[in-house]
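One structure is given below, encoded as structure tokens.
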Amino acid sequence: LGFSLAYELGATNVLQMLKMSGIPISWRERLEVDPGVWDVETGSQPLIFAGGPTATSNPEPFADFFDYFALGDGEEVLPEIGLCLKRCKAEKLTRVETLYQLATSVEGVYVPMFYDAPPGW
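The numbering of the sequence shown is this note's numbering, which starts it at 323 and goes up by one.
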């Protein structure tokens with residue numbers, strides 16, 4: 323489930339949409355309810371991602387809420403993301419394994435769960 327962040331305040335709308343649709347707001351909460359094979363068709367929570375100028379210039383303020391970010395030109399990275407997700411689904415990978423594949427095989431994908439924020443951030 324992707325969102326384009328054109329400006330910082332747009333992120334609050336994303337959080338409200340997630341809340342209204344019953345999707346856990348943070349990636350940590352989504353991880354807790356989705357420990358097994360990731361497959362939205364069988365009830366897994368969707369992967370939530372963002373792109374756009376705000377996400378590309380500074381994703382850290384939003385890192386707790388998105389599973390991953392598509393950085394840079396979406397026209398280039400989105401087809402690669404789609405192919406990677408298709409492979410992960412066919413291989414019946416877990417949510418964490420799927421995100422790891424995105425982070426390591428698609429240039430321009432940033433997955434916050436694999437990084438530690440600096441102290442005080």
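All C-beta atoms, glycine included, are put in the ideal place defined by N, C-alpha and C.
GLY374 is positioned such that its CB atom lies closer than 8 Å to that of LEU327. In this chain, the alpha helix (DSSP H) harbouring ALA377 covers 375-379. When the alpha-carbon of LEU400 is set against those of ALA412, PRO381, VAL431, the nearest one is in VAL431. The continuous beta strand (DSSP E) containing GLY324 extends over residues 324-326. As the crow flies, the alpha-carbon of LYS414 is around 7 Å from that of TRP360.
By the neighbour-count criterion, in which 16 or more other beta carbons inside 10 Å mark a residue as buried, ASP438 falls on the exposed side.
Ranked by Cα distance from SER348, the first of MET342, VAL362, ILE370 is ILE370. By the Cβ neighbour-count rule, ALA412 is exposed, with fewer than 16 other Cβ atoms within 10 Å of its own.
For ALA425, the enclosing alpha helix (DSSP H) covers residues 417-427. Nearest to MET339 by C-alpha distance, out of LEU323, TYR329, GLU351, LEU353, is LEU323.
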